[in-house]
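Asker: Under the working numbering, the first residue of the sequence shown is numbered 539, with each subsequent residue one higher.
Ideal Cβ positions, reconstructed from N, Cα and C, are used throughout, including at glycine.
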Amino acid sequence: MNKPAIGSDIGGTHITCRLFDLHTNSFEGSKTVRKAVDCHAPASEILDKWASSIALAAGEIPLSSLAGIGVAMPGPFDYENGVAWFENVGKFEQLFGVNVREELITRLRLPHDFSIRFQNDAACFAIGESFTGQVAAHRRLLAITLGTGFGTTFIEDHMPVAGKYGIPDDGFLYHIAAGNSIADDQFSTRWFLKEYLRLTGNPIAGVKELAQQAEHDALAAGIFLDFGKALGEFLAPWLLGFDAGGLVIGGNISAAFHLFGEQMQHVFTLHNVKTQIYISQHQEDAALSGSACLCL
Numbered sequence: 539m540n541k542p543a544i545g546s547d548i549g550g551t552h553i554t555c556r557l558f559d560l561h562t563n564s565f566e567g568s569k570t571v572r573k574a575v576d577c578h579a580p581a582s583e584i585l586d587k588w589a590s591s592i593a594l595a596a597g598e599i600p601l602s603s604l605a606g607i608g609v610a611m612p613g614p615f616d617y618e619n620g621v622a623w624f625e626n627v628g629k630f631e632q633l634f635g636v637n638v639r640e641e642l643i644t645r646l647r648l649p650h651d652f653s654i655r656f657q658n659d660a661a662c663f664a665i666g667e668s669f670t671g672q673v674a675a676h677r678r679l680l681a682i683t684l685g686t687g688f689g690t691t692f693i694e695d696h697m698p699v700a701g702k703y704g705i706p707d708d709g710f711l712y713h714i715a716a717g718n719s720i721a722d723d724q725f726s727t728r729w730f731l732k733e734y735l736r737l738t739g740n741p742i743a744g745v746k747e748l749a750q751q752a753e754h755d756a757l758a759a760g761i762f763l764d765f766g767k768a769l770g771e772f773l774a775p776w777l778l779g780f781d782a783g784g785l786v787i788g789g790n791i792s793a794a795f796h797l798f799g800e801q802m803q804h805v806f807t808l809h810n811v812k813t814q815i816y817i818s819q820h821q822e823d824a825a826l827s828g829s830a831c832l833c834l
């Protein structure tokens, strides 16, 4: 396919869009459009901001000539039909029940059969990495994002996998038991902040600050070692069961990989996990390329 597509990444505070060449798997020659969005604004205002950002990313290329528009969207959302079901999540709740696909078609004056595809934002990150990242050589991979939450997507032949190989029906691991809670609590910023507070009685601003402290503080360094061990123990059986060739790690916490990666790899070795580990070089751009690749 020689036509380009627009990849879009929608977050709680912004939308980012970029034109992506599906033939060369690159953003060559395109510019990133990023606009702030008030997630508590009226539905029409949110939809207008999304539509105008997409149009701006197309530049002088007529939207109707594109292969399509891909959108990385948080949930709850009906990705197949393009309907928002945001409720009790603190964002975009004015869009509850709105068919976002039809609203964008109308605002962008596109043919009704124009391809606008939606997918979970973590899944788009994984798809993007499978096409453009270092991990692209692997047929099967697991992509995880470590940040305010714990995102996971299993990929086989560039597509998300769920409900087979022992993978949960929804394809995600955030709700799986880990430690004294669930994975989303154990492998996210929340765990680091709670653990530091538990050990010292003092709060800390975030993982970035803790990582800086770990360079000269054994206690802080130990927190990252414990994290790496726990993450390795949690991921090992899933990687083995899926026979994943690659594990790609994104999200803000991945910047501290040098503090926990060796410990995680040690656990993998103990469990005979041969999966190669990669740190995302694309981060947010992976979600953009992945959403654009939905239009293939």
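Would you say THR727 and GLY685 are within 9 Å of each other, going by their C-beta atoms?
Answerer: Numbered from 1 along the sequence shown, position 189 holds the residue referred to as residue 727. Numbered from 1 along the sequence shown, position 147 holds the residue referred to as residue 685. It is a contact, given that the beta carbons lie within the stated cut-off.
Asker: Tell me whether SER603 is buried or exposed, calling it buried when 16 or more other Cβ atoms sit within 10 Å of its Cβ.
Answerer: As a working mapping, residue 603 is identified with position 65 in the sequence shown. So SER603 ends up on the exposed side.
Asker: What are the partner residues of LEU731, as DSSP defines its beta bridges?
Answerer: As a working mapping, residue 731 is identified with position 193 in the sequence shown. DSSP output for LEU731 lists no bridge partner at all.
Asker: Terminal residues of the continuous beta strand (DSSP E) containing LYS573?
Answerer: Indexing the sequence shown from 1 puts residue 573 at position 35. Counting along the chain, the beta strand (DSSP E) containing LYS573 begins and ends at 571-574.
Asker: Per DSSP, what are the beta-bridge partners of GLU694 in this structure?
Answerer: By one-based count along the sequence shown, residue 694 stands at place 156. Note: GLU694 sits in a beta bridge opposite ARG678 and MET697.
Asker: Considering just the uninterrupted stretch of the beta strand (DSSP E) at ARG655, what are its terminal residues?
Answerer: The sequence position of residue 655 within the sequence shown is 117, counting from 1. Unbroken beta strand (DSSP E) run through ARG655: 654-658.
Asker: Return the Cβ separation of SER546 and ILE553 in integer angstroms, given the expectation that the two are a contact with Cβ distance under 8 Å.
Answerer: For this step, residue 546 is matched to residue 8 along the sequence shown. For this step, residue 553 is matched to residue 15 along the sequence shown. Their Cβ separation, rounded to whole angstroms, is 6 Å, which keeps SER546 and ILE553 in contact under 8 Å.
Asker: What span of residues does the beta strand (DSSP E) with ALA562 cover, start to end?
Answerer: Your numbering for residue 562 matches position 24 in the sequence shown. The question names Ala, but residue 562 is Thr in the sequence shown. Careful: THR562 lies outside any beta strand (DSSP E) and carries neither H nor E.
Asker: With distances taken from CA atoms, which of GLY608, SER590, HIS578 and LEU601 is nearest GLU625?
Answerer: Start at 1 with the first residue of the sequence shown, and residue 625 comes out as number 87. Of GLY608, SER590, HIS578 and LEU601, the residue nearest in Cα terms is HIS578.
Asker: Note down, one range per segment and in chain order, each beta strand (DSSP E) of at least 3 residues found wholly within the segment 568-653.
Answerer: With a minimum length of 3 residues, the continuous beta strand (DSSP E) runs that stay inside the segment 568-653 are 571-574 and 606-611.
Asker: Hey, LYS767 and GLN801: beta-carbon distance below 9 Å or not?
Answerer: Counting from 1 along the sequence shown, the entry for residue 767 is found at position 229. Counting from 1 along the sequence shown, the entry for residue 801 is found at position 263. In contact: LYS767 and GLN801 (Cβ atoms closer than 9 Å).
Asker: When you compare the segment 745-758 with the segment 780-789, are there three or more beta-carbon pairs, one atom per stretch, that lie closer than 8 Å?
Answerer: Counting Cβ pairs under 8 Å, fewer than three are found: no touch.
Asker: Distance check for ASN810 and LYS629, CA to CA, integer angstroms please.
Answerer: Along the sequence shown, one-based indexing puts residue 629 at 91. Along the sequence shown, one-based indexing puts residue 810 at 272. Computed Cα separation, rounded: 42 Å.
Asker: Please name the residue, chosen from ALA743, ALA700 and PHE688, that lies closest to ALA716 on a Cα-to-Cα basis.
Answerer: Stepping through the sequence shown from its first residue, residue 716 is reached at position 178. With distances taken between Cα atoms, ALA716 lies closest to PHE688.
Asker: Where does LEU684 fall in DSSP's three states?
Answerer: Translated into the one-based positions of the sequence shown, residue 684 becomes position 146. The answer is strand: DSSP assigns LEU684 an E or B state.
Asker: Sort PHE730, LYS732 and ILE654 by Cα distance to GLY608 and report the nearest one.
Answerer: Here residue 608 refers to the residue found at position 70 of the sequence shown. Here the closest residue by C-alpha is ILE654.
Asker: Note down the Cα distance separating TRP776 from LYS702, rounded to an integer number of angstroms.
Answerer: As a position in the sequence shown, residue 776 is number 238, starting the count at 1. As a position in the sequence shown, residue 702 is number 164, starting the count at 1. Rounded to whole angstroms, TRP776 to LYS702 spans 12 Å at the Cα level.
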